[in-house]
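The opening position of the sequence shown corresponds to residue 438 in my numbering, with each subsequent residue numbered one higher.
The structure appears below as structure tokens.
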Amino acid sequence: MEKQFILFDPRTAERKVVTLELLAGMAGRTKEGLRYALQHRSKIRSLNCYLLEEDTPISVFRELLAKEVILDEVWRDIPNSRWQVSSYGRYRSRVQERWVYRLPDMNKKKGSLKISIQIAGKVERLNAHKKVVELFIGEVPEGYVIYHKNGNKSYNHVDNLGFITKWALFQREATSRLKKTVVKIDRKNGKVIEEYPSLIVAADANFTDESTIQRAIKQNRPAIGFIWKWEEQVADELLYAD
438 MEKQFILFDP RTAERKVVTL ELLAGMAGRT KEGLRYALQH RSKIRSLNCY LLEEDTPISV
498 FRELLAKEVI LDEVWRDIPN SRWQVSSYGR YRSRVQERWV YRLPDMNKKK GSLKISIQIA
558 GKVERLNAHK KVVELFIGEV PEGYVIYHKN GNKSYNHVDN LGFITKWALF QREATSRLKK
618 TVVKIDRKNG KVIEEYPSLI VAADANFTDE STIQRAIKQN RPAIGFIWKW EEQVADELLY
678 AD
């Protein structure tokens, strides 16, 4: 199996498992160029991400979060704590006289982020989007839940968060899953092999069930010998096979 790496976005703290073959297609870079970025820990500009080893320590992620300067980012204090959250969904805490940027935990199955914060002397484990909503949008109306407008549960920018009823969210997600274009990718060279207009068509064409492909997309892992993505995850970034 080809060696895997972590693709890290310092604006969202999102981490994705990738191979050099797949990333070369996504970023339009050669493997040699990617190895250079890995060795020197330089940003892949086309993706605004860093390529890191799977065993990279948390301290390195924190350094990259702190290094990222976002001009329109707004920070607000979390009441009864030494923490702040930003309009981009990033977190930092005051340690002595300096800010330490915090790396949320990532749920690989759901793709969502969680953070543990000490508030009023007690440690609370929260969905990372919760404090963004509380401090930048307001209280969740009765009968509504928080949702991510673009479907990416790791992207906690205030503009990507909103309120919706549970039933409307269920319908939205069900419709989105069934009708979104699915892309089938070669594991070895990272090129697109085939596109399907829906999850149902993709499953039928590959003699498998919808849940198998859906789990592969959600968990960012291969299934039945191929890599699977939603079209918007790879559009205009992957090298297409002839």
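Where a beta carbon is used, it is the ideal one built from N, C-alpha and C, also for glycine.
Quick one, which of Ala-474, Arg-519, Glu-668 has its alpha-carbon nearest Lys-559's?
Walking along the sequence shown from the start, residue 559 turns up at place 122. Closest option to Lys-559, judged by alpha-carbon separation, among Ala-474, Arg-519, Glu-668: Arg-519.
Between the beta-carbon of Gly-383 and the beta-carbon of Ala-565, is there less than 8 Å?
The chain is shown only over 438 to 679; residue 383 falls outside these bounds and no answer can be derived.
Is the beta carbon of Leu-540 less than 8 Å from the beta carbon of Lys-551?
Locating residue 540 in the sequence shown gives position 103, where the first residue counts as 1. Locating residue 551 in the sequence shown gives position 114, where the first residue counts as 1. Not closer than 8 Å, so no.
Sheet register partners of Trp-604 (DSSP bridge)
To locate residue 604, count along the sequence shown from 1; it is residue 167. DSSP output for Trp-604 lists no bridge partner at all.
Answer yes if the stretch 456-466 comes into contact with the stretch 489-507, meaning at least three C-beta pairs across the two stretches below 8 Å, and no otherwise.
Contact between the stretch 489-507 and the stretch 456-466 is not established, with fewer than three Cβ pairs separated by less than 8 Å.
Assuming contact is defined by CB atoms lying nearer than 8 Å, are Tyr-403 and Ala-503 in contact in what I supplied?
Residue 403 is absent from the model: the chain starts at 438 and stops at 679.
Would a check of beta-carbon distances place Leu-484 closer than 8 Å to chain C?
Within the model displayed, chain C is absent; a lone protein chain is all it includes.
Could you tell me the alpha carbon to alpha carbon distance between Ala-611 and Tyr-581, rounded to whole angstroms?
As a first step, residue 611 must be located in the sequence shown, where it is residue number 174. As a first step, residue 581 must be located in the sequence shown, where it is residue number 144. Distance between the alpha carbons of Ala-611 and Tyr-581 is about 18 Å.
By Cβ distance, which residues of its chain are closer than 6 Å to Trp-512, with the 5 residues on each side in sequence left out?
Here residue 512 is taken as the residue at index 75 of the sequence shown, counted from 1. If we look at Trp-512 and ignore the five residues flanking it on each side, its Cβ neighbours are Gln-521, Ser-523.
According to DSSP, is Gln-441 helix, strand or coil?
Here the question's residue 441 lines up with position 4 in the sequence shown. DSSP places Gln-441 in coil when its eight states are reduced to three.
If I measure Cβ to Cβ from Lys-621 and keep anything under 6 Å in the same chain, skipping five residues before and after, which residues do I get?
In the sequence shown, residue 621 corresponds to position 184, counting from 1. The residues are Ile-630, Glu-631, Phe-663.
Run the CB neighbour count on Ile-661, radius 10 Å, all protein chains shown included, and call it buried at 16 or more, exposed below.
If you number the sequence shown from 1, residue 661 lands on position 224. That one is exposed.
Tell me the rounded alpha-carbon separation between Asn-657 and Gly-548.
By 1-based counting over the sequence shown, the position of residue 657 is 220. By 1-based counting over the sequence shown, the position of residue 548 is 111. The straight-line gap from Cα to Cα measures roughly 9 Å.
Pro-447 versus Thr-618 - alpha carbon distance:
The sequence position of residue 447 within the sequence shown is 10, counting from 1. The sequence position of residue 618 within the sequence shown is 181, counting from 1. If you take the alpha carbons of Pro-447 and Thr-618, they lie about 28 Å apart.
Quick one: what's got a C-beta closer than 8 Å to Ala-464's C-beta in the same chain, skipping five residues either side?
As a working note, residue 464 is residue 27 in the sequence shown. Sequence-distant Cβ neighbours of Ala-464 in its own chain, meaning closer than 8 Å and more than five residues away, are Leu-471, Ile-481, Ser-483, Leu-484, Glu-674.
Start-to-end residues for the alpha helix (DSSP H) that takes in Gln-683:
Examination of residue 683 is not possible in this model, given that the chain is present from 438 through 679 alone.
Between the C-alpha atoms of Gln-476 and Thr-467, what's the straight-line distance to the nearest angstrom?
What you label residue 476 is simply residue 39 of the sequence shown in a count that begins at 1. What you label residue 467 is simply residue 30 of the sequence shown in a count that begins at 1. Approximately 14 Å between the Cα atoms of the pair.
Reduced DSSP secondary structure (H/G/I, E/B, other) of Gly-599:
Residue mapping note: residue 599 aligns to position 162 of the sequence shown, counting from 1. Residue state, collapsed to three classes: strand.
How would you call Ile-554, buried or exposed, if buried means at least 16 neighbouring beta carbons within 10 angstroms?
Counting from one through the sequence shown, the residue named residue 554 turns up at place 117. By the 10 Å Cβ count, Ile-554 comes out buried.
Is the beta carbon of Phe-445 closer than 8 Å to that of Val-455?
Locating residue 455 in the sequence shown gives position 18, counting from the first residue. Locating residue 445 in the sequence shown gives position 8, counting from the first residue. In this structure, Val-455 sits away from Phe-445, with a CB-CB distance that is not shorter than 8 Å.
Whole-angstrom distance between Asn-517 and Ala-678, CA atom to CA atom
Locating residue 678 in the sequence shown gives position 241, counting from the first residue. Locating residue 517 in the sequence shown gives position 80, counting from the first residue. Summary for Ala-678: the model assigns pLDDT 36, below 50, so the residue's position carries little reliability; its value from the coordinates is reported in the next sentence. Computed Cα separation, rounded: 55 Å.
Express the C-alpha separation of Leu-636 and Glu-451 in angstroms, rounding to a whole number.
For the purposes of this step, residue 451 is identified with residue 14 of the sequence shown, where counting begins at 1. For the purposes of this step, residue 636 is identified with residue 199 of the sequence shown, where counting begins at 1. So the alpha carbons of these two residues sit roughly 25 Å apart.
Between Leu-606 and Tyr-584, which are expected to be in contact by the criterion C-beta below 8 Å, what is the C-beta distance as a whole number of angstroms?
On the sequence shown, residue 606 is found 169 positions in, with the first residue counted as 1. On the sequence shown, residue 584 is found 147 positions in, with the first residue counted as 1. The Cβ separation is near 5 Å, so the contact holds.
On a CA-only basis, which of Glu-669, Gly-588, Ile-601 is nearest Pro-634? Give me that one, please.
In the sequence shown, the residue the question calls residue 634 occupies position 197. Measuring C-alpha to C-alpha distances from Pro-634 to each of Glu-669, Gly-588, Ile-601 identifies Glu-669 as the nearest.
Terminal residues of the alpha helix (DSSP H) in which Ser-553 lies
By 1-based counting over the sequence shown, the position of residue 553 is 116. Run containing Ser-553: none in the alpha helix (DSSP H); it sits in the beta strand (DSSP E), 550-556.
Ends of the alpha helix (DSSP H) at Leu-471?
Position 34 of the sequence shown holds residue 471. First-last of the alpha helix (DSSP H) with Leu-471: 468-477.
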